[in-house]
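Okay, structure first, notes after.
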Amino acid sequence: MATLTKPNIKVKRQVISEEEATSEVAATTKQNVHKKTVYDTKDLNLWYGDTHALKDINLSIYEKEVTAIIGPSGCGKSTYLKTLNRMVELVPSVKTSGVITYKDKSILDKSFKVEDLRTKVGMVFQKPNPFPKSIYENIAYGPKIHGIRNKKILDEIVEKSLRGASIWDEVKDRLKENAYGLSGGQQQRICIARCLAIEPDVILMDEPTSALDPKSTLRVEELIQELKKDYSIVIVTHNMQQAARISDRTAFFLNGEVVEYDETDKIFTNPSDNRTEDYISGRFG
Amino acid sequence: MALDNKIDNQDKPSIQDMIAKKKNGKNLTSITEKVIPVLLFLIAAVSIFTTIGIVYTLLIETIEFFKRVPVMDFFTGTALKPLSQNPEFGVLPLINGTIISSIIAMLVAGPIGIMTAVFLSEYASERVRRTLKPMLEILAGIPTIVYGFFAFTFVTPLIREVFPSVEATNILSPGLVMGVMIIPMIASLSEDAMTSVPNAMREGALALGATKLEVTFRVVIPAALSGIIASFVLGISRAIGETMIVTIASGSSKNFTFDITQSMQTMTAYIVEVSGGEAPAGSTIYFSLYAVAMTLFVFTLLMNLLARYVSRKFREEY
Ligand SMILES: Nc1ncnc2c1ncn2[C@@H]1O[C@H](COP(=O)(O)OP(=O)(O)OP(=O)(O)O)[C@@H](O)[C@H]1O
Ligand SMILES: [Mg+2]
Chain A
1 MATLTKPNIK
11 VKRQVISEEE
21 ATSEVAATTK
31 QNVHKKTVYD
41 TKDLNLWYGD
51 THALKDINLS
61 IYEKEVTAII
71 GPSGCGKSTY
81 LKTLNRMVEL
91 VPSVKTSGVI
101 TYKDKSILDK
111 SFKVEDLRTK
121 VGMVFQKPNP
131 FPKSIYENIA
141 YGPKIHGIRN
151 KKILDEIVEK
161 SLRGASIWDE
171 VKDRLKENAY
181 GLSGGQQQRI
191 CIARCLAIEP
201 DVILMDEPTS
211 ALDPKSTLRV
221 EELIQELKKD
231 YSIVIVTHNM
241 QQAARISDRT
251 AFFLNGEVVE
261 YDETDKIFTN
271 PSDNRTEDYI
281 SGRFG
Chain B
286 MALDNKIDNQ
296 DKPSIQDMIA
306 KKKNGKNLTS
316 ITEKVIPVLL
326 FLIAAVSIFT
336 TIGIVYTLLI
346 ETIEFFKRVP
356 VMDFFTGTAL
366 KPLSQNPEFG
376 VLPLINGTII
386 SSIIAMLVAG
396 PIGIMTAVFL
406 SEYASERVRR
416 TLKPMLEILA
426 GIPTIVYGFF
436 AFTFVTPLIR
446 EVFPSVEATN
456 ILSPGLVMGV
466 MIIPMIASLS
476 EDAMTSVPNA
486 MREGALALGA
496 TKLEVTFRVV
506 IPAALSGIIA
516 SFVLGISRAI
526 GETMIVTIAS
536 GSSKNFTFDI
546 TQSMQTMTAY
556 IVEVSGGEAP
566 AGSTIYFSLY
576 AVAMTLFVFT
586 LLMNLLARYV
596 SRKFREEY
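Protein sequence lines, in the order shown, are assigned to chains A and B.
Everything in the first sequence is counted per the numbering used here, starting at 1 for the first residue and increasing by one.
Everything in the second sequence is counted per the numbering used here, starting at 286 for the first residue and increasing by one.
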């Protein structure tokens, strides 16, 4: 239903999302059995030059859920995440095979316009990376490059996004200040707000709290719980407790393969693969 | 293990012993520790005192000049006739020539330099960059007299082929060539500024659906702006101070005009011409050299101050 056109239809989208919200209630009650997927990955393989980083990945990401990706360092978590918005292509030696569909569109096709995909799929990075601009400009950047010029609309988007990332109260009096004057945790929420400003459908997060202190981490986790209502979220994390706390589904990666993918409760209480159990219990040690 | 054995070995001194030995023999070290900073200060002082000396001389001789020629005549006079029966010493023709040649040069060097920098830092593959950068450096290493010669014997005739009304000596040709000379400086400094913008920022923008062009012009260039402006200002300073090219290719008419097809003289070229033998020490012409040099100095000084102010104002911290 959400088309891949540029966001001059933003206003229309808001109306749609209200409709969605009402039908949503019905959907959650009756569709728990087979929820809608946003991403379907089929036999995905990825190589960095000769390094076979992802091997025969088959995974579905469900709508309005938090999907956690866990696994030891170097197992391909970030690589998979970056494949979902094709950021992985920034590495020139990358080759892929297999199919990823996003809402039934095959996104790995060269003909698929990557900018359209990234307009629908936001990303939050491990290290907060705001632009060296004012807080306001950081949030307005996305809408601006997609053609929104009207100052009033931009003001609204900025406020809404900052509220959405629950940082509005902290920064509302200093919107004109450089974002680099904020703490790491605040910067990360600015980056989340920047992502929300273009109202994507999916948010990809690569260890978004690993550079943050426990308190900021908690705030971001709470935020993710909030965002889940409107967005599908895929999060890579090294923190088992975090995965257990905030995610609905968990995928365990090992050496470029998906060892196990199931509901988070199942993974953490009753994993079917020994390696999953070893990894999880090792971590809890 | 092997290391442990060695250290425990009685024949060999332990590391702590060696350190203690070094510490005991530290008399010499402590002297050098004290002497070196003084020495360094003296060396640094040489350049400071030289600068002060130069400015002092300029100032004294300039004051002498203004005892003979009223300040207002100098700064508002549009006629410069140092050798005439009734000499006039208006500096405006020289300032005009300097500014016009610098503008022409920057119109060439600015856009080409920055586009080159964008290409090198954002689009070129590692291999292309590795071949192009040394070539730029070669361009930067050509002596200016060669550029001057090139302007006079190649560029001017070429321009006159197309526009026959252009004079044999004119400000356009050396201006253009000066621009070519400055390209490497702007390209290389701007490229440095752009490459040092962290990749995380490009990724942040790309992840929002920005195209490569949008990333370049709305993230990278703004983030590198202070460096880019600094390169421009250095380029302008270079153009203002450039001597050989204009001396050779623009002749020595002290016209006060905005017609770039005519010959004009810059401050630097005037200094070359006059100090080339026609100025007996103590004459007004002789002192006019200092007044012009002082003006030139103030010009470059202002440029540098402006550069600082602007680059601080536009700085995007990251
Ligand atoms: N740019 C690259 N060029 C070559 N190989 C890469 C590149 N990025 C990652 N790799 C390789 O791909 C494999 C997977 O890397 P990836 O970054 O996806 O791991 P990860 O699971 O995110 O690890 P971590 O938990 O440490 O972030 C590793 O073997 C890594 O060395
Ligand atoms: Mg990673």
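Glycine included, C-beta positions come from ideal geometry on N, C-alpha and C.
Of the residues the options, the one placed nearest residue i, counting alpha carbons only
{"i": "SER93 (chain A)", "options": "A:LEU254, A:VAL124, A:ASP50, A:LYS110", "result": "A:ASP50"}
{"i": "ILE521 (chain B)", "options": "B:SER538, B:GLU407, B:ILE467", "result": "B:ILE467"}
{"i": "ASP201 (chain A)", "options": "A:ALA243, A:GLY147, A:MET123, A:ALA251", "result": "A:MET123"}
{"i": "ILE139 (chain A)", "options": "A:ALA197, A:LYS113, A:GLN186", "result": "A:ALA197"}
{"i": "ASP155 (chain A)", "options": "A:ILE167, A:LEU84, A:ASP169, A:GLU137", "result": "A:GLU137"}
{"i": "SER538 (chain B)", "options": "B:ILE530, B:THR546, B:GLN550, B:ILE545", "result": "B:GLN550"}
{"i": "LYS105 (chain A)", "options": "A:LYS95, A:LEU117, A:THR79, A:SER97", "result": "A:LEU117"}
{"i": "ARG593 (chain B)", "options": "B:VAL577, B:ALA578, B:ALA515, B:SER535", "result": "B:ALA515"}
{"i": "GLY398 (chain B)", "options": "B:ASN381, B:ILE385, B:LYS418, B:GLY382", "result": "B:LYS418"}
{"i": "ASN286 (chain A)", "options": "A:GLY164, A:CYS191, A:GLU222, A:ILE70", "result": "No statement about residue 286 (chain A) is possible, as the shown extent of chain A runs from 1 to 285 and does not include it."}
{"i": "THR363 (chain B)", "options": "B:PHE543, B:MET579, B:LEU392, B:MET479", "result": "B:PHE543"}
{"i": "PRO128 (chain A)", "options": "B:ALA490, B:THR532, B:SER568, B:LEU519", "result": "B:ALA490"}
{"i": "PHE517 (chain B)", "options": "B:ILE388, B:THR569, B:SER548", "result": "B:ILE388"}
{"i": "ILE506 (chain B)", "options": "B:GLY494, B:LEU519, B:GLY460, B:ARG487", "result": "B:ARG487"}
{"i": "PHE437 (chain B)", "options": "B:ILE456, B:SER450, B:PHE448", "result": "B:ILE456"}
{"i": "LEU182 (chain A)", "options": "A:ASP248, A:PHE131, A:GLU65", "result": "A:PHE131"}
{"i": "SER473 (chain B)", "options": "B:LEU461, B:PRO449, B:ARG414, B:VAL451", "result": "B:ARG414"}
{"i": "ILE533 (chain B)", "options": "B:ARG503, B:GLU499, B:THR441, B:SER450", "result": "B:THR441"}
{"i": "ASP56 (chain A)", "options": "A:SER272, A:ASN274, A:GLU260", "result": "A:GLU260"}
Counted within 10 angstroms of its Cβ, other Cβ atoms place residue i as buried (16 or more) or exposed
{"i": "GLU199 (chain A)", "result": "buried"}
{"i": "LYS352 (chain B)", "result": "exposed"}
{"i": "LEU591 (chain B)", "result": "exposed"}
{"i": "SER161 (chain A)", "result": "buried"}
{"i": "ASN32 (chain A)", "result": "Because ASN32 (chain A) sits at a pLDDT of 49, beneath the cut-off of 50, its placement in the model cannot be relied upon, and the point is left open."}
{"i": "GLU411 (chain B)", "result": "exposed"}
{"i": "PHE253 (chain A)", "result": "buried"}
{"i": "THR276 (chain A)", "result": "buried"}
{"i": "ASN85 (chain A)", "result": "buried"}
{"i": "ILE328 (chain B)", "result": "exposed"}
{"i": "GLU177 (chain A)", "result": "exposed"}
{"i": "LEU612 (chain B)", "result": "Lying outside 286 to 603, the shown extent of chain B, residue 612 (chain B) is not represented and no answer is given."}
{"i": "LYS113 (chain A)", "result": "exposed"}
{"i": "SER458 (chain B)", "result": "buried"}
{"i": "ILE192 (chain A)", "result": "buried"}
{"i": "HIS146 (chain A)", "result": "buried"}
{"i": "ALA566 (chain B)", "result": "exposed"}
{"i": "ASN270 (chain A)", "result": "exposed"}
{"i": "PHE599 (chain B)", "result": "exposed"}
{"i": "ASP278 (chain A)", "result": "exposed"}
{"i": "THR264 (chain A)", "result": "buried"}
{"i": "ILE304 (chain B)", "result": "exposed"}
Amino acids of chain A, ordered along the chain, whose beta-carbon sits closer than 8 Å to that of residue i
{"i": "LEU457 (chain B)", "result": "What LEU457 (chain B) touches in chain A: nothing, since even the nearest Cβ is about 40 Å away."}
Under 9 Å by beta carbon: chain B residues contacting residue i
{"i": "PHE125 (chain A)", "result": "ALA485, GLU488, GLY489, ALA492"}
{"i": "MET240 (chain A)", "result": "What MET240 (chain A) touches in chain B: nothing, since even the nearest Cβ is about 27 Å away."}
{"i": "MET87 (chain A)", "result": "GLU488, LEU491, ALA492"}
{"i": "GLY142 (chain A)", "result": "ALA490, LEU493, GLY494, ALA495"}
{"i": "GLY49 (chain A)", "result": "Those do not exist, as GLY49 (chain A) stays about 15 Å from chain B at its closest Cβ, beyond 9 Å."}
Proximal residues of chain B, C-beta to C-beta of residue i below 8 Å
{"i": "HIS146 (chain A)", "result": "GLY494"}
{"i": "ASN129 (chain A)", "result": "PRO483, ALA485, MET486, GLU488, GLY489"}
{"i": "GLY71 (chain A)", "result": "Within chain B, no residue comes near GLY71 (chain A); the closest Cβ sits about 22 Å away, beyond 8 Å."}
{"i": "GLY122 (chain A)", "result": "ALA492, LEU493"}
Expected contact under 8 Å - CB spacing of residue i and residue j to nearest Å
{"i": "GLU620 (chain B)", "j": "LEU405 (chain B)", "result": "Here chain B covers residues 286 to 603 and nothing more, so residue 620 (chain B) does not appear."}
{"i": "VAL376 (chain B)", "j": "PHE360 (chain B)", "result": "6 Å"}
{"i": "ILE224 (chain A)", "j": "ILE246 (chain A)", "result": "5 Å"}
{"i": "LEU581 (chain B)", "j": "MET552 (chain B)", "result": "5 Å"}
{"i": "TYR408 (chain B)", "j": "ILE530 (chain B)", "result": "In fact, because the Cβ distance is near 31 Å, the residues do not count as touching under 8 Å."}
{"i": "ALA554 (chain B)", "j": "THR585 (chain B)", "result": "16 Å between Cβ atoms; not a contact."}
{"i": "LYS42 (chain A)", "j": "GLY98 (chain A)", "result": "6 Å"}
{"i": "ALA179 (chain A)", "j": "LYS133 (chain A)", "result": "7 Å"}
{"i": "VAL121 (chain A)", "j": "LEU204 (chain A)", "result": "6 Å"}
{"i": "THR119 (chain A)", "j": "GLY494 (chain B)", "result": "4 Å"}
{"i": "ALA251 (chain A)", "j": "LEU46 (chain A)", "result": "Not really, about 15 Å apart at Cβ, beyond 8 Å."}
Chain-ordered chain B contacts of residue i [CB-CB under 7 Å]
{"i": "PRO271 (chain A)", "result": "Those within 7 Å of PRO271 (chain A) in chain B number zero; the least Cβ separation is about 32 Å."}
#### Entry: Selection of the segment 494-515 of chain B by Cβ proximity to chain A, strictly under 8 Å
For the segment 494-515 of chain B, the set of residues with a beta-carbon nearer than 8 Å to any beta-carbon of chain A comprises GLY494, ALA495, THR496, GLU499, ARG503, VAL504, PRO507, ALA508, in chain order.
### Message
Can you pull out the residues from the segment 107-119 of chain A whose beta carbon lies closer than 9 Å to at least one beta carbon of chain B?
### Response
Flagged, chain order: VAL114, GLU115, ASP116, LEU117, ARG118, THR119.
#### Entry: Contact set between the segment 198-228 of chain A and chain B, restricted to residues whose Cβ is under 7 Å from the partner
Going along the segment 198-228 of chain A in chain order, one finds ILE198 with a Cβ nearer than 7 Å to chain B.
### Message
Against chain B, which members of the segment 156-189 of chain A pass a CB distance test of less than 7 Å?
### Response
Within the segment 156-189 of chain A, those residues whose Cβ lies closer than 7 Å to any Cβ of chain B are, in chain order, ASN178, TYR180.
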